[in-house]
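Protein chains in written order, with this note's numbering: chain A, 384 to 688; chain B, 225 to 479. Each remark here refers to the structure printed beneath this line.
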């Protein structure tokens with residue numbers, strides 16, 4: 384069934400888009416990541432212009448996150464206090480990100496900057512998670528191995544403005560979650576994604592948050608950053624396609640529900656391993672595109688004036 | 225809901241009436257050697273639009289050859305070239321062209337090179353090699369050719385410039401017709417359909433017919449909303465997404 388997208392000005396197969404939404408929604412619910420880093424390349428692959436892919440999927444991420452948070456909320460897996468502190472940093476980060484985006488645009492190299500940051504962030508974080516989760520799985524198989532310390536104290540834990548987060552059983556500096564939120568906010572502005580793939584590991588490894596709370600809390604924060612991104616994109620660039628977003632979010636909200644259920648049955652390290660494999664695969668694909676010779680060295684952009 | 229659609233249709237109809245009138249006047253000056261018309265002067269892009277075909281038909285006063293040129297609204301185009309920098313392929317140089325037709329296709333009753341000479345092809349911009357648009361930057365001749373070829377190639381890949389000449393078929397000696405195909409990604413705006421009568425290696429008569437490509441119904445509502453009230457549109461998009469997410473969450477709780 385073909386459907387015409389009014390803003391993208393093209394016709395797509397509705398079932399294909401619904402399926403893509405479902406898949407990304409499933410992963411979103413399972414791992415607590417927004418899934419934007421997967422959706423953007425997928426949409427561009429089926430021929431949606433990059434700017435519209437970024438603007439529209441920010442909109443669909445709002446729905447996927449709301450639905451995902453509801454499921455986690457009922458299980459008591461959202462630390463609202465920590466989420467709000469992260470959001471505070473996120474607002475600052477988004478503003479800085481928009482400023483950097485403007486500079487890159489004036490330099491005329493925004494496309495390659497976006498791809499490079501995808502390769503860098505996805506590659507680094509995916510690789511680190513892959514190493515850590517495979518170690519954890521190996522440790523599980525060899526129970527005689529020596530157990531590590533419960534809390535490792537690094538310089539990050541000595542920062543001022545300590546706050547107590549009862550829900551997560553943490554007593555840490557508020558600067559830490561706010562800083563993580565700020566980096567996440569910058570990524571929303573520059574790469575047009577929710578930033579969950581960065582927030583989740585940062586919350587696990589830097590904050591030592593209980594794994595069960597990570598997905599719900601990061602989704603809670605992502606609702607607000609993606610809502611802000613949607614507004615910004617619609618108001619300044621008019622790149623939000625409501626028709627495309629509708630298809631993606633129908634698939635996405637259903638997928639997220641299934642994903643959340645599947646996620647509760649997964650062990651923490653197994654889930655991290657699966658997520659890291661997907662992230663590394665996307666990074667490798669983008670790196671390949673960056674270094675391999677394109678079919679056509681020339682690209683065309685039409686503008687009416 | 226009804227108001228804007230109706231207004232839109234009325235505007236389109238008014239524009240069309242003026243253009244058809246203009247076209248008819250131009251045709252009378254040519255003493256009716258050639259009369260041509262389209263099966264439809266409006267291509268309506270609705271939610272289910274997957275591309276469409278328009279029939280052009282007409283008659284000539286005596287034997288001759290016919291060429292049809294369809295040109296979409298003109299605009300600027302930027303062609304960028306990638307080069308290897310530190311192993312990566314990145315955009316290094318670019319050329320900007322003005323007055324580039326967004327859509328271009330030609331149909332003829334016989335291969336063009338058998339009909340007319342190069343000066344005529346150039347004068348009427350008949351065929352891709354003779355399409356005129358000048359770059360704003362001064363490029364070396366080698367690059368000129370490469371960038372121009374890249375523009376045409378990219379347009380052809382998008383299906384907006386025809387790869388081969390279309391066929392105008394004659395029914396008897398004077399009646400002719402051809403089918404013009406418009407793909408799903410056809411740009412909206414005012415199109416020019418030009419019919420040329422060719423005899424003894426020269427164009428002896430021409431007629432221009434307008435064609436409007438416009439979004440209607442839900443598609444038109446959405447794009448109008450997004451363009452005219454972008455902030456409200458953004459708020460509506462976010463509200464809709466929150467509502468949809470909430471509804472799905474609530475629905476799944478009961479299951």
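The beta carbon of each residue, even a glycine, is placed where N, CA and C say it ideally should be. If you're wondering where the values come from, they're calculated on a predicted model, not measured in any experiment.
For residue 688 (chain A), three-class secondary structure by DSSP: Confidence in residue 688 (chain A) is poor, its pLDDT being 39 and thus under 50, which makes the residue's placement unreliable; the coordinate value appears in the next sentence. Of the three classes helix, strand and coil, the one that applies to residue 688 (chain A) here is coil, per DSSP.
Cβ-based neighbour list, residue 289 (chain B), same chain, cut-off 6 Å, excluding 5 preceding and 5 following: 333, 334, 339, 422
Cα-Cα separation, residue 697 (chain A) to residue 395 (chain A): With chain A running from 384 to 688 in the structure shown, residue 697 (chain A) is simply not present.
Cβ contact check for the region 564-577 of chain A and the region 416-426 of chain A: 3 or more pairs under 8 Å: yes
Within chain B, the residues that residue 630 (chain A) reaches when beta carbons sit closer than 8 Å: Going along chain B, no residue has its Cβ under 8 Å from residue 630 (chain A), so there is no contact; the nearest lies around 11 Å.
Pick from B:395, B:392, B:314, B:405 that is closest to residue 679 (chain A), judged by C-alpha positions: B:314
Same chain, Cβ closer than 7 Å to residue 659 (chain A), neighbours up to 5 away in sequence not counted: 509, 512, 513, 516
Min CB distance residue 446 (chain B) to chain A below 7 Å: yes
Cβ neighbours of residue 669 (chain A) in the same chain (closer than 8 Å, five flanking residues each side left out): 424, 498, 501, 502, 505
Reduced DSSP category for residue 454 (chain B) - H, G, I as helix; E, B as strand; rest coil: helix
Proximity to residue 453 (chain A) [Cα-Cα], best of A:664, A:640, A:480, A:677: A:640
Residue 431 (chain B) - containing beta strand (DSSP E), residue span: 426-439
Meets three-Cβ-pair contact criterion under 8 Å: the region 636-652 of chain A and the region 443-462 of chain A: yes
Beta-ladder partner(s) of residue 385 (chain A), from DSSP: A:396
Reduced DSSP secondary structure (H/G/I, E/B, other) of residue 289 (chain B): strand
Enclosing beta strand (DSSP E) for residue 314 (chain B) [first to last residue]: 312-325
Contact set for residue 410 (chain B): own chain, Cβ-Cβ below 6 Å, skip 5 residues either direction: 437
Sufficient close CB pairs (3 or more, under 8 Å) joining the region 304-311 of chain B to the region 346-353 of chain B: no
Closer than 9 Å at the beta carbon, the chain A residues around residue 372 (chain B): Neighbours of residue 372 (chain B) on chain A: none; closest Cβ ~10 Å, over 9 Å.
The region 447-456 of chain B touching the region 614-630 of chain A, judged by at least three CB pairs closer than 8 Å: yes
Distance, residue 385 (chain B) Cα to residue 483 (chain A) Cα: 38 Å
Alpha-carbon spacing of residue 596 (chain A) relative to residue 551 (chain A), whole angstroms: 7 Å
Alpha-carbon spacing of residue 337 (chain B) relative to residue 382 (chain B), whole angstroms: 26 Å
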